[in-house]
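Shown next, in structure tokens, is the structure this report addresses.
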Amino acid sequence: MSFRKEGNLVVFRFEDGKDVIESLKRVAKEHQIRSGVILSGIGMLRDFGISFYSREKGGYITHKFNEPVELLSLSGNISLRNNEPFFHLHVALAKEDKSAIGGHLKKATVHNTLEGIMVKFSEIKLTRDPETRILSVL
Amino acid sequence: MSFRKEGNLVVFRFEDGKDVIESLKRVAKEHQIRSGVILSGIGMLRDFGISFYSREKGGYITHKFNEPVELLSLSGNISLRNNEPFFHLHVALAKEDKSAIGGHLKKATVHNTLEGIMVKFSEIKLTRDPETRILSVL
Amino acid sequence: MSFRKEGNLVVFRFEDGKDVIESLKRVAKEHQIRSGVILSGIGMLRDFGISFYSREKGGYITHKFNEPVELLSLSGNISLRNNEPFFHLHVALAKEDKSAIGGHLKKATVHNTLEGIMVKFSEIKLTRDPETRILSVL
Numbered sequence: 002m003s004f005r006k007e008g009n010l011v012v013f014r015f016e017d018g019k020d021v022i023e024s025l026k027r028v029a030k031e032h033q034i035r036s037g038v039i040l041s042g043i044g045m046l047r048d049f050g051i052s053f054y055s056r057e058k059g060g061y062i063t064h065k066f067n068e069p070v071e072l073l074s075l076s077g078n079i080s081l082r083n084n085e086p087f088f089h090l091h092v093a094l095a096k097e098d099k100s101a102i103g104g105h106l107k108k109a110t111v112h113n114t115l116e117g118i119m120v121k122f123s124e125i126k127l128t129r130d131p132e133t134r135i136l137s138v139l
Numbered sequence: 002m003s004f005r006k007e008g009n010l011v012v013f014r015f016e017d018g019k020d021v022i023e024s025l026k027r028v029a030k031e032h033q034i035r036s037g038v039i040l041s042g043i044g045m046l047r048d049f050g051i052s053f054y055s056r057e058k059g060g061y062i063t064h065k066f067n068e069p070v071e072l073l074s075l076s077g078n079i080s081l082r083n084n085e086p087f088f089h090l091h092v093a094l095a096k097e098d099k100s101a102i103g104g105h106l107k108k109a110t111v112h113n114t115l116e117g118i119m120v121k122f123s124e125i126k127l128t129r130d131p132e133t134r135i136l137s138v139l
Numbered sequence: 002m003s004f005r006k007e008g009n010l011v012v013f014r015f016e017d018g019k020d021v022i023e024s025l026k027r028v029a030k031e032h033q034i035r036s037g038v039i040l041s042g043i044g045m046l047r048d049f050g051i052s053f054y055s056r057e058k059g060g061y062i063t064h065k066f067n068e069p070v071e072l073l074s075l076s077g078n079i080s081l082r083n084n085e086p087f088f089h090l091h092v093a094l095a096k097e098d099k100s101a102i103g104g105h106l107k108k109a110t111v112h113n114t115l116e117g118i119m120v121k122f123s124e125i126k127l128t129r130d131p132e133t134r135i136l137s138v139l
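Residue numbers (our numbering), protein chains in the order written: chain C, 2 to 139; chain L, 2 to 139; chain D, 2 to 139.
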């Protein structure tokens, strides 16, 4: 794992086998990022869960996948929820046959590599209500 | 709807039921953004139209969808066209079965939430020719 | 081809028929970008190759496509490899039927237009090992 900050931007690289969300949390902790945005992430994932939020079914419908996929895009934000940095992340992925899938990222393991960038806010405060999950931009 | 600016970045959050493009226009108007880039957007959409530009058919081929989809990525830019801020937006989306679709965004309604970020330019001028649709970077 | 820099951001627009990677290299060269990140890119591509990295098959499995597709997202980074700027790029694309595909971008021609943005680092050094392909964030 390596990462470095320039201005309000932090570039990071995670190795094969790392937990994606735990690694992002570690970068956020090291740079004291409590509010921010994930601007980009590419590489590959394996052993991941992606979700679709269904009102009819009253929650997230998660599908788990084991096989490696190319990470086409990683987007999201970091907000404070119960005073802890919380990552809201969406991914677009491609299978070996090149077809794309995606959703809300629940969990994932880095396959080969993950290379990305996040922005740290100093003035903007992002908070997320633990009950309603609503993001406030303050 | 809430949004806030730090440096040249504006973070925004739109509520369920809002028109995506009208909401983006409002953020741009409030912060006097005439040239900019949409760096990220996640959440969900419903009642949207996505297009493919076909030279053979001489224009955009638009498909309309009613069902909710996860918004995997939102990319694009803000330029002046006929002296009005114009949004050129592309989206990647995921259906309930996790399969991804996408295209040029014609219109969409926010489903649950939309959380994103745009950058405002002060020096760069982006203009779009109303006839040719060509973007100039000045 | 047109591009312009404001702060550490460079906005670019490539015309129909241009080679995507060669055009990005030219922007990087003009602005002396040796380390950076591609934050966004939209437009259309044709005559492109996208790859999936397979450990089992010991390398990239590339599929070539001739038909035009919408470019939904362009993400990646610029690092020094053998002292030359190297672009690691992933794309999400949509076909005329709106279904999405994607992967590691090997080569592509701009169809109609490509509009994007990259960030130039002044302090962060990104280098890529020519043998292992591993990115170092220094």
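Yeah, the Cβ is synthetic: ideal placement off N, Cα and C, and Gly gets one too.
Please read all numbers here as calculations on a predicted model, not as lab measurements.
Residue pairing by DSSP puts L/Pro86 in a beta bridge opposite L/Leu81. Here the alpha carbon of D/Arg129 sits roughly 32 Å from the alpha carbon of L/Leu90. Short of 6 Å from the beta carbon of L/Val92, and not among the five residues preceding or following it, lie these beta carbons of its own chain, in chain order: Leu75, Gly103, Leu106. Look at D/Arg134 here: in three-state DSSP terms it is coil, with no helix or strand label. Taking the CA atoms as reference points, C/Ser3 sits about 31 Å from L/Leu94. For C/Arg56, the nearest beta carbon of chain L is closer than 9 Å to its own beta carbon. For C/Arg47, the secondary structure class from DSSP, reduced to helix, strand or coil, is strand.
Of the candidates D/Leu136, D/Pro69, D/Leu139, the residue whose Cα lies closest to the Cα of L/Glu57 is D/Pro69. The beta carbon of C/Ile118 is closer than 8 Å to those of Leu10, Val11, Val12, Phe13, Ile39, Leu40, Ser41, Gly42 in its chain, skipping five residues each way along the sequence.
The beta carbon of D/Val111 sits no closer than 9 Å to any beta carbon of chain L. The Cβ atoms of C/Lys126 and D/Phe53 do not sit closer than 9 Å to each other. With contacts defined by Cβ atoms closer than 9 Å, L/Thr110 and L/Gly18 form a contacting pair.
Under the Cβ distance rule, D/Arg27 does not count among the residues neighbouring chain L, no pair being separated by less than 9 Å.
For C/Glu124, the chain L residues whose Cβ falls inside 7 Å of its Cβ are Glu7, in order along the chain. According to the DSSP assignment, C/Arg27 belongs to the alpha helix (DSSP H) that extends over 21-31. Listed by position along chain C, the residues whose Cβ is nearer than 9 Å to that of L/Phe13 are Val138.
At least one CB atom of chain L sits nearer than 9 Å to the CB of C/Asn78. Beta-bridge partners assigned by DSSP to C/Lys6: C/Val11.
Excluding sequence positions up to five before and after D/Ser55, its CB lies within less than 6 Å of the CB of Ile62, all in the same chain and listed in chain order. In the three-state reduction of the DSSP assignment, L/Ile102 falls in the strand class. With contacts defined by Cβ atoms closer than 9 Å, D/Phe49 and D/Val28 do not form a contacting pair.
In this structure C/Ser123 touches L/Glu7 by the C-beta definition: roughly 7 Å separates them, less than 8 Å. Cβ proximity to chain L below 9 Å picks out Ser36, Val38, Ile39, Leu40, Ser41 from the stretch 30-49 of chain C.
For the stretch 64-76 of chain L, residues whose beta-carbon sits nearer than 9 Å to a beta-carbon of chain C comprise Pro69, Val70, Glu71, Leu72, Leu73, Ser74, Leu75, Ser76. At the C-beta level, L/Thr114 and C/Leu73 stay beyond 9 Å of one another. Membership of C/Arg35 in any beta strand (DSSP E) is not indicated, and neither H nor E is assigned to it by DSSP. When secondary structure is reduced to three states using DSSP, C/Lys58 falls in the coil class, being assigned neither helix nor strand. Sorting C/Lys65, C/Gly77, C/Ser24, C/Ala101 by C-alpha distance to the C-alpha of C/Ser36 places C/Gly77 at the top.
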